[in-house]
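The opening position of the sequence shown corresponds to residue 5 in the working numbering, with each subsequent residue numbered one higher.
Yeah, the Cβ is synthetic: ideal placement off N, Cα and C, and Gly gets one too.
Working notes for the structure below.
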Amino acid sequence: MIYNTNHYTIAELFREGGNIRYVIPKFQREYIWSRENWEILFDDMVEGNGDGNFIGSILCVKNDDASAIGMRQLEVVDGQQRLATISLLFCALYTSIQKRSEDQIGSADDVLHIIQSRLIQEGSPIQTRVVLSQQHDNFADYEALLAGMGILKIGTESKGSKVRKIHKAYNYFLGRLKGYNMEELQKLMTWVDSILVVMIEVSSHADAFMLFEGLNDRGVPLAAGDLIKNKMLSELERKGVEIDEAFIGWNIFLDNVVNHTIQERFLRQYYNAFHLFRPEIKINTIEKATKANLVKIYEALIMRDPKLIFDEIVAKSGMYYALIKGDATHPILGSMVMELDALATAKASPAYMVLLYLISTGMSDPVFYKKIIDALISYFNKRNLTDYHDEKDVDLFLMDLIRKIEEDKANRLNTEYITGYLTHTIYLR
């Protein structure tokens with residue numbers, strides 16, 4: 005559910021003395037905004053003369069945990085691009101104002117102190133107000149930038165940082181500020197402070213996913229798999245699993261499922277196939293995984309046993325890869341590349357759920373799989389030509405096949421029963 009929603013200015017989000025720290029999950033993608041995004045943000049602000057320019061929404065999962073120094077941490081699941089860009093604009097303003105103050109009479113200490121308070125939280129140790137993700141040295145680049153400005157004591161520049169987006173954004177804004185005098189820079193600082201965002205706090209990652217599509221007006225939307233990954237790696241780390249090892253496993257999973265569309269389909273089909281007969285995979289009364297409830301399902305599974313579900317999906321994604329890519333090296337499916345190509349041509353992606361289940365039973369006879377794949381191709385060709393079974397009923401039809409096999413595996417885990425079911429000759433038996 006939505007815990008809190010309100011609009012705030014940047015000054016309110018980063019008010020001096022505030023105890024909120026905005027934390028992006030470690031393994032969320034890195035900062036990827038480009039010149040076009042920076043240009044739009046800057047131009048909109050200038051053209052509006054600081055009249056409360058709105059830059060979109062920031063979506064956070066409520067976290068009641070506080071750090072040792074009493075800071076409340078909000079997990080930012082959508083908004084890293086906006087928060088990082090505003091922070092980098094503050095960095096450019098800080099550098100520009102500091103340089104101008106050296107060239108003229110009068111101190112700019114007050115405004116520099118305000119900008120500094122937008123970037124860091126005083127205390128022991130001093131911490132950044134925004135904690136960026138750690139992908140591709142993302143946060144390391146940001147800390148190194150602040151250290152180079154003299155704002156942070158920690159932070160070492162890494163190889164290649166100057167060509168990555170953190171430094172590119174900072175340098176872009178420095179270039180835009182080059183012709184501004186001190187008075188204009190200070191006015192621009194107040195304009196940045198007046199930028200408006202909508203802050204939404206929700207109770208869970210599932211609630212966050214339900215809000216995603218409508219909120220991403222200028223952002224780069226996350227998929228369900230991104231949220232599941234963040235939750236998975238976070239819980240594994242909390243349970244003492246070495247996070248680098250877990251991340252290697254997750255990358256194996258990503259290599260197997262190729263893209264977000266296939267990833268979400270695999271996660272749906274995994275649940276739909278195995279919750280039917282495995283209580284540890286079953287979530288309450290959820291009988292079928294859909295795009296809408298996918299995050300809710302996996303959030304619950306992860307909280308129940310993150311290591312189990314992690315090991316399961318990594319291992320079974322390897323089977324899935326062999327199905328969708330026709331892996332000639334697979335010990336069972338390697339001789340069926342042509343049949344699997346024909347299955348893909350028949351637009352039979354729901355069939356992968358059945359095959360994933362059958363492989364998990366230990367059946368290893370290639371002749372068995374060739375007959376099953378042929379029957380699945382015939383079923384989907386018939387369905388595609390005649391609208392036999394509505395699209396929404398296909399998954400249920402195939403899930404019922406899995407359920408019936410499990411009810412009497414000794415007599416039903418064979419080509420006669422399965423092909424008969426698919427041609428409806430023994431559907432009601």
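Residue i versus the options, residue with shortest Cα-Cα distance
i      : options                           : result
MET153 : ALA144, THR99 and GLY229          : THR99
PHE46  : ASP82, ARG86, GLY127 and ILE24    : ARG86
MET193 : LYS300, GLU205, VAL358 and PHE177 : PHE177
LYS413 : LYS396, TYR392, PRO370 and THR365 : THR365
ASN53  : ILE266, SER198 and ASP404         : SER198
LYS375 : THR390, LYS351 and LEU337         : LEU337
GLU40  : LYS169, ASP331, ALA332 and GLN125 : LYS169
GLY56  : GLY244, ILE36 and THR13           : THR13
ILE381 : MET342, LYS163, LEU400 and HIS140 : MET342
ASN234 : GLY22, LEU200 and PHE314          : PHE314
ALA112 : GLU284, LYS191 and PHE270         : LYS191
PRO335 : ALA350, TYR373, LYS351 and ARG308 : TYR373
VAL206 : GLU34, GLU106, LEU78 and VAL245   : LEU78
GLY127 : ARG33, GLU187 and GLY21           : GLY21
ILE24  : ASN67, ILE287, ALA346 and GLN138  : ASN67
ILE266 : ALA348, GLU284, MET186 and THR333 : ALA348
LEU136 : ILE36, ALA332 and TYR421          : ILE36
THR294 : PHE270, PRO283, GLU284 and GLU316 : PHE270
LEU258 : GLY229, VAL245 and GLN138         : GLY229
GLU268 : LYS292, ILE256 and ALA227         : ALA227
Other residues of its chain near residue i: CB distance less than 6 Å, five sequence neighbours each side excluded
i      : result
LEU92  : ALA173 and TYR174
GLU410 : PHE281
THR427 : none
ALA379 : THR423 and LEU426
VAL202 : HIS11 and SER61
PHE18  : ARG122 and ARG133
LEU344 : GLY330
SER105 : ALA112
ILE287 : ILE301 and ALA304
ILE363 : MET323
ILE285 : PHE278 and HIS279
ILE130 : ILE124
ASN142 : GLU34, TYR35 and LEU136
VAL398 : PRO354
Secondary structure of residue i, DSSP reduced to three states
i      : result
ASN418 : coil
GLY223 : In this prediction, GLY223 has a pLDDT of 48, which is less than 50 and means its spatial position is unreliable; what the coordinates show is noted afterwards. Reduced to three states, the DSSP call for GLY223 is coil.
ILE24  : strand
PHE143 : helix
PHE18  : coil
SER71  : Low confidence applies here, because SER71 scores a pLDDT of 45, under 50, leaving its location unreliable; read the following figure in that light. Correct three-state label for SER71: coil.
MET367 : coil
SER339 : coil
VAL261 : helix
MET153 : coil
ILE36  : coil
ILE376 : helix
GLN393 : Note that residue 393 is His in the sequence shown, not Gln. Note: HIS393 maps to coil in three-state DSSP.
SER137 : coil
ALA350 : coil
LEU280 : coil
LEU426 : helix
ASN41  : helix
ARG104 : helix
LYS413 : helix
ASN53  : coil
SER382 : helix
GLU246 : coil
Strand pairing of residue i, partner residues [DSSP]
i      : result
TYR12  : VAL201
THR132 : ILE124
ASP82  : LEU63
PHE58  : LEU200
Residues of its chain near residue i, where Cβ-Cβ distance is below 7 Å and the 5 sequence neighbours each way are ignored
i      : result
VAL134 : TYR26, LEU87, ALA88 and SER91
ILE290 : ASN297 and ILE301
PRO310 : MET236, GLU239, LEU240 and LYS243
ARG308 : none
HIS393 : ARG387 and PHE401
Neighbourhood of residue i by C-beta, 8 Å cutoff - its chain only, sequence neighbours within 5 removed
i      : result
LEU237 : PRO29, LYS30, PHE31, ILE247, ALA250, PHE251 and TRP254
LEU360 : GLN273, TYR274, ALA277, LYS320, MET323, TYR324 and LEU327
LEU150 : CYS95, LEU123, ILE124, THR132, LEU156 and GLY159
LEU402 : PRO354, ALA355, MET357 and VAL358
VAL196 : ILE14, MET49, ILE90, LEU93, PHE94 and LEU97
ASN185 : ARG104
Assess, as a yes-or-no matter, whether the region 255-265 is touched by the region 310-326 under the definition of 3 or more beta carbon pairs within less than 8 Å. yes
Counting pairs of Cβ atoms below 8 Å between the region 118-127 and the region 53-67, do you hit three or more? no
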